[in-house]
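Going by this note's numbering, the sequence shown opens with residue 11, and the numbers climb by one from there. The beta-carbon is built from N, C-alpha and C at its ideal position, and this holds for glycine as well.
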Amino acid sequence: MEKTQWIAGGIKCRNQLWFVLTASFLIFIVLVCTDYSSLSSGRNFNRVTYYITNFTNVIVTQDHHHPNSLPPLASTDSQISDQTKGISYYTTTDTSTSTPAPYSFGHGSQPNYVTSSNETQTASVTYVPPPQAIPNTKHQISDSDSCSGRYIYMYDLPKRFNQDLLKNCHSLQRWTDMCPYMSNMGLGPKLTDISSKRRDRLLGSRGWFATNQFSLEVIFHNRMKKYKCLTNDSSLASAIFVPFYAGLNVGQYLWGYNASIRDASPLELVKWLSNRPEWKTMWGKDHFLVGGRIAWDFRRQTDSDSDWGSKLMFLPESKNMTLLSIESSSWSNEQAIPYPTYFHPTKESQVSEWQRRMRKLKRPYLFTFAGAPRPEYKENIRDMVISQCQSSTKHCKLVGCYHGATKCDDPLNVIKVFQSSVFCLQPSGDSFTRRSIFDSILAGCIPVFFHPGSAYVQYTWHFPTSPSEYSVFISENDIKEKKVLINETLLRIPRQKVVAMREQVIRLIPRIIYADPRASGLETLEDAFNIAVNGVLDKVEKTRRDMEEGRDPGNAFSQLKATKFTRNELPR
């Protein structure tokens with residue numbers, strides 16, 4: 011009896027064991043089928059090569075787990091000067107050259123030089139992206155949404171990075187009280203407060219302000235607040251706007267302050283940004299900011315107190331962001347957008363009326379130059395331009411902007427002079443570009459350039475791709491070598507060609523003005539703000555697509571374009 015019970019019990023145990031084994035096997039199969047990725051964590055299923063270039067080209071082999079989980083392309087540690095953290099081995103070949111930067115960055119300063127490095131680093135890097143990286147969900151937006159692919163998220167930065175600067179407006183620039191220019195959301199004082207008869211005769215409509223050329227950051231920020239596709243949900247955003255007043259910040263410390271003071275706010279900013287969850291979506295490559303000064307003011311080469319500007323755009327985090335400024339430098343993560351002009355309309359009808367007035371004007375002068383000589387810069391041709399204008403008084407109107415002169419600071423006088431001329435000369439000054447370029451286009455005056463760096467390689471989003479459609483080009487070298495006379499060159503242009511160029515210039519007017527931030531925007535016309543925003547969105551989308559598909563994102567990285575300003579002929 012006991013033996014029979016023992017045998018029966020053994021059979022029962024074996025049956026239970028087989029049941030447990032069978033059930034465990036079935037559970038294992040279910041887990042494999044439903045969550046295979048959990049078993050493959052850490053494996054190299056997709057190996058993607060990214061090309062990261064700052065001053066060096068670093069070929070990085072990166073484990074890639076999810077198309078929206080992007081590699082950390084810039085260190086968040088401000089003490090690290092490159093993006094090679096985690097590199098176990100590399101070889102280096104170093105050959106350095108020098109590329110001249112614009113003539114000057116301040117009163118009395120000597121020409122600066124940008125050091126171009128051909129240094130190349132090749133490295134093998136294994137880095138697993140943070141598992142908590144925020145996925146890009148913008149593709150989940152309904153196709154019927156008019157803002158699909160156009161949403162922008164704007165940071166609510168600590169006030170010390172923007173609003174507090176305006177409270178200190180009296181000392182933002184050494185020789186200018188910026189407080190009046192910060193009024194009306196950065197547009198400056200209304201010109202309606204000036205002699206109404208003279209104003210009405212020259213301008214004819216509302217929307218005119220005494221706008222300072224360095225106020226773009228404030229204007230752009232206030233326009234962004236009214237942007238129709240602004241979102242509070244950063245996961246829907248295609249791009250992230252950083253409203254840091256970089257130009258106003260550095261402008262107050264350009265004379266008489268050491269380099270560490272000029273760098274204090276930029277360092278605080280990138281530390282703040284790198285700790286934000288939005289940063290980890292694309293590690294800053296979907297971030298952009300606006301600089302109201304030329305980009306060279308944010309690219310100090312050394313830590314010497316005597317060197318010019320801040321090193322904002324040389325910080326590791328900033329190399330991932332896009333800078334929009336009134337003049338770009340030689341790096342690929344920058345884009346020039348128009349200087350602010352005096353005209354900020356609230357309605358499209360104001361723009362159309364102004365264009366009609368510019369078409370009807372009689373222009374008694376063949377060409378005009380408004381500016382001052384630059385005798386301290388041997389390479390500058392302004393002295394020669396002024397001399398040619400003075401020797402051709404029948405054809406040229408000269409407005410001397412010498413020290414103490416007020417005519418060049420009077421908006422009504424500037425507009426009047428440009429309205430009276432067929433062509434407006436735009437030689438380089440302290441840097442390649444000038445605000446005068448946009449004031450002259452606003453007045454329907456055809457710009458004459460002497461270097462491609464003044465416009466053609468700068469405002470590629472806003473100007474036509476064919477320079478001859480809207481401008482005349484005379485090589486600086488031909489002026490220096492006295493091979494050409496400006497008046498003879500301009501007189502040889504056929505009348506039909508002149509009429510066509512002027513019409514193209516007048517059609518450009520909406521593209522180079524910034525509408526009043528307090529208005530709802532122009533009805534159908536795109537102004538300079540809209541074009542800049544669309545340009546950023548297109549660039550970020552291309553970068554995102556390239557990175558998701560494993561292609562080289564190219565200009566998404568900060569690359570030095572050493573030959574950008576070395577050409578002295580018309581681009582083809």
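Residues bridged to residue i (per DSSP)
i, result
"P457", "C434"
"A529", "Answer by DSSP bridge pairing: none, since A529 is not bridged."
"A346", "S335"
"K329", "The partner list for K329 (beta bridge, DSSP) is empty, contrary to what the question assumes."
"F219", "K200"
"L501", "Beta-bridge pairing links L501 to no other residue."
"V467", "In the DSSP output, where bridge partners are listed per residue, V467 has none listed."
Sequence-distant residues of the same chain with beta carbon closer than 6 Å to residue i, five excluded per side
i, result
"T576", "none"
"H75", "Here H75 scores only 36 on pLDDT, less than 50, and its place in the model should not be relied on; the value that follows carries that caveat. No residues qualify anywhere along the chain."
"V482", "V458"
"Y99", "Note on Y99: pLDDT 29, under 50, position unreliable in the model; no value is reported."
"A346", "E337, S338, Q468 and Y469"
"M234", "M164 and F251"
"I21", "Any reading at I21 must be qualified, since the residue scores a pLDDT of 48, below 50, and its modelled position is unreliable; no value is offered."
Reference residue i; option with closest CA among the options
i, options, result
"K507", "I496, A529, D449 and V432", "V432"
"M292", "K574, T573, E551 and C179", "E551"
"D155", "P504, D187, E227 and C239", "C239"
"G381", "P462, E358 and D420", "D420"
"D317", "G214, I503 and D273", "D273"
"N178", "S485, Y469, M192 and Y375", "M192"
"I519", "E389, I496, K372 and P350", "P350"
"S568", "S450, R309 and Q514", "R309"
"C399", "C434, L333, F171 and S181", "C434"
"P253", "R209, T332 and P326", "T332"
"I484", "S430, R555 and I391", "I391"
"F379", "R512, N172, M195 and N497", "N497"
"D393", "S430, K370, G410 and S206", "G410"
"T499", "F377, V427, R384 and D313", "F377"
"N232", "V427, D537 and G196", "G196"
"Q514", "N544, K404 and M368", "M368"
Burial state of residue i, where buried means 16 or more other Cβ atoms lie within 10 Å
i, result
"V509", "exposed"
"K493", "exposed"
"Y480", "buried"
"N584", "Residue coverage of the chain in this structure runs from 11 to 582, which leaves residue 584 outside it and unanswerable."
"W185", "exposed"
"K290", "buried"
"E486", "buried"
"R211", "exposed"
"G439", "buried"
"N268", "exposed"
"M323", "buried"
"K321", "buried"
"E227", "buried"
"A84", "With a pLDDT of only 36 at A84, under the threshold of 50, the placement of this residue in the model should not be trusted; the figure read from the coordinates follows. It is buried - the Cβ of A84 has at least 16 other Cβ atoms within 10 Å."
Cβ neighbours of residue i in the same chain (closer than 7 Å, five flanking residues each side left out)
i, result
"G217", "F353, H354, P355, T356, Q360 and D526"
"A249", "I162, D296, F298, V546, L547 and V550"
"H117", "Since pLDDT at H117 reaches only 36, below the 50 mark, its modelled position is unreliable, and no value is offered."
"N423", "K417"
"K574", "S340 and V467"
"E533", "E358"
"F428", "T378, C434, D449, S450, A453 and C455"
Opening and closing residue of the alpha helix (DSSP H) in which residue i lies
i, result
"T553", "A538 to E558"
"F379", "Taken as a continuous stretch (DSSP letters only), F379 belongs to no alpha helix (DSSP H), being part of the beta strand (DSSP E) at Y375 to G381."
"Y191", "C189 to M192"
"K290", "W289 to M292"
"T475", "Per DSSP, T475 belongs to no alpha helix (DSSP H) and is neither H nor E."
"A510", "R505 to L518"
"C3", "Outside the displayed span of the chain (11 to 582) sits residue 3, for which this structure offers no information."
"F353", "Per DSSP, F353 belongs to no alpha helix (DSSP H) and is neither H nor E."
"E486", "E486 to K490"
"P168", "Where P168 is concerned, there is no enclosing alpha helix (DSSP H), given that its DSSP letter is neither H nor E."
"R208", "S206 to L212"
"Q400", "R392 to Q400"
"L282", "The sequence as given places Trp at residue 282; Leu does not occur at that position. Per DSSP, W282 belongs to the alpha helix (DSSP H) from A269 to S284."
Beta strand (DSSP E) segment containing residue i, residue limits
i, result
"C239", "Segment: none, C239 is in no beta strand (DSSP E) and carries neither H nor E."
"Y255", "No beta strand (DSSP E) holds Y255; DSSP gives it neither H nor E."
"A249", "A249 to F251"
"F298", "H297 to G301"
"V409", "C406 to G410"
"M164", "I162 to M164"
Cut-off 8 Å between Cβ atoms - residues of its own chain near residue i, not counting five sequence neighbours on either side
i, result
"G319", "F115, V260, L264, R272, W306, D307, F308, R309 and R310"
"Q436", "R444, S446, I447, S450, P457, V458, F459, F460, S464 and A465"
"R286", "Y165"
"T202", "R209, R216 and W218"
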